[in-house]
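Peer 1: Just passing along the structure, written as structure tokens.
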Amino acid sequence: MRGERLGLRGLQPHLALVRGHGKSPGMKLAFFASHRGSNMQAVMDACKEGRLQTEPCVVISNNSDAEALQRAEREGFPHYHLSTKTHPEPEQLDVAILQALERHKAEWVILAGYMRKLGPKTLAHYRGRILNIHPALLPKYGGKGMYGTHVHEAVIAAGEKETGVTIHLVDDEYDHGAIVAQCRVPVRDEDTPTTLAERVLACEHRFLVETLQRIQTGELKP
Ligand code: GRF
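According to our numbering, the stretch in the sequence shown is residues 107 to 328, in order.
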């Protein structure tokens, strides 16, 4: 397994960096991402630049080609491809995911563009400490099939004047758990799903960092 080989080797340079800033490491974050991983990158950048006192500790993807895994490699974080390809039985996969999280002492789990549901063991272990970011104002425009451009197409088709970003706790239904924080984004008359997606994504990057910071300081208690 590619990430296994990296093991702690990938983690140490980052710890050194945090120490170098003279700040104590904050809460340890595990990221799950299936594709691009730009939200995860926004958090990693904020941590590196000292704008956010959290500590990414492991990245997991169900997609071995995910750009998110390449980003993790580049940034020096342990990363794993864990999917039905590596673990065909759902229960095995759930256990492997939980073991990876525990191995790297993850305290919070951030689903940032993860296109799978977590298994019952992982959900139970991290209940109340798993967040998902969604590119709309839930409970509208969420649920199965509401991902990527489909969300923005539906928002425009419905004639909405505003959309936004939702960060919520994760349960066993897609886009369903308690809402932790939301921010609004205007929909313009001339918007296409592409232009709207860009505006919402830029907001996601800022808002995820800001929300994690509020959780880290205790200002926001999910
Ligand atoms: C984001 O729009 C997020 O809200 C949704 O999936 C997308 C992931 O984008 N859940 P990225 O992989 O973080 O670039």
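Don't be surprised by glycine CBs; every beta carbon is placed ideally from N, CA and C.
Just so it is clear, the structure is predicted and the values come from calculations on it, not from any experiment.
To the nearest angstrom, how far is it from the Cα of Lys-191 to the Cα of Phe-138?
Peer 2: Taking the straight line from one Cα to the other gives about 17 Å.
Peer 1: When the Cα atoms are used, what is the spatial distance from Thr-382 to Lys-134?
Peer 2: No statement about residue 382 is possible, as the shown extent of the chain runs from 107 to 328 and does not include it.
Peer 1: Thinking C-alpha only, which one of Asn-145, Pro-194, Ile-273 is nearest Leu-243?
Peer 2: For the residues Asn-145, Pro-194, Ile-273, the minimum Cα distance to Leu-243 belongs to Ile-273.
Peer 1: Taking Tyr-247 as the reference, give the member of Arg-235, Glu-268, Ser-170, Glu-195 with the closest Cα.
Peer 2: Cα-wise, what sits closest to Tyr-247 is Glu-268.
Peer 1: Any idea what DSSP makes of Ser-140, helix, strand or coil?
Peer 2: Note: Ser-140 maps to coil in three-state DSSP.
Peer 1: Could you please give me the residues that DSSP links to Ser-167 through a beta bridge?
Peer 2: Ser-167 is bridged to His-187.
Peer 1: Using the Cα positions of Pro-184 and Val-293, report the straight-line distance between them to the nearest angstrom.
Peer 2: Computed Cα separation, rounded: 38 Å.
Peer 1: What do you get for Ser-170, buried or exposed, if any count of 16 or more other CB atoms within 10 angstroms of its CB means buried?
Peer 2: It counts as exposed.
Peer 1: Using a threshold of 6 Å, is the CB atom of Ser-170 nearer than that to any non-hydrogen atom of ligand 1?
Peer 2: The answer is no for Ser-170.
Peer 1: Using the C-alpha atoms, what's the distance from Thr-298 back to Gly-219?
Peer 2: When rounded, the distance between both Cα atoms is 21 Å.
Peer 1: I'd like the span of the beta strand (DSSP E) that includes Leu-243, first residue to last.
Peer 2: Run containing Leu-243: none; DSSP gives neither H nor E here.
Peer 1: Using the Cβ count rule (16 or more neighbours within 10 Å means buried), how would you classify Gln-147?
Peer 2: Counting Cβ neighbours within 10 Å, Gln-147 comes out buried, since at least 16 surround it.
Peer 1: What are the partner residues of Val-271, as DSSP defines its beta bridges?
Peer 2: According to DSSP, Val-271 bridges with Cys-289.
Peer 1: When the Cα atoms are used, what is the spatial distance from His-256 to Ala-136?
Peer 2: Taking the straight line from one Cα to the other gives about 27 Å.
Peer 1: So what does DSSP say about Met-252, is it helix, strand or coil?
Peer 2: Three-state result, Met-252: coil.
Peer 1: With three or more beta-carbon pairs closer than 8 Å as the criterion, would you say the stretch 140 to 159 touches the stretch 318 to 327?
Peer 2: They touch, by the three-pair rule.
Peer 1: Is the separation between the beta-carbon of Asp-281 and that of Gly-249 shorter than 7 Å?
Peer 2: Yes, they are a contact pair.
Peer 1: Between the alpha carbons of Arg-209 and Glu-310, how many angstroms are there, rounded?
Peer 2: Computed Cα separation, rounded: 29 Å.
Peer 1: Could you work out which residue in His-187, Ala-178, Glu-173, Val-306 is closest to His-258 when comparing CA atoms only?
Peer 2: Cα-wise, what sits closest to His-258 is Val-306.
Peer 1: Alpha carbon to alpha carbon, how far is Phe-313 from Cys-289?
Peer 2: Cα to Cα, Phe-313 sits roughly 7 Å from Cys-289.
Peer 1: Note down the Cα distance separating Leu-175 from Val-315, rounded to an integer number of angstroms.
Peer 2: Rounded to whole angstroms, Leu-175 to Val-315 spans 20 Å at the Cα level.
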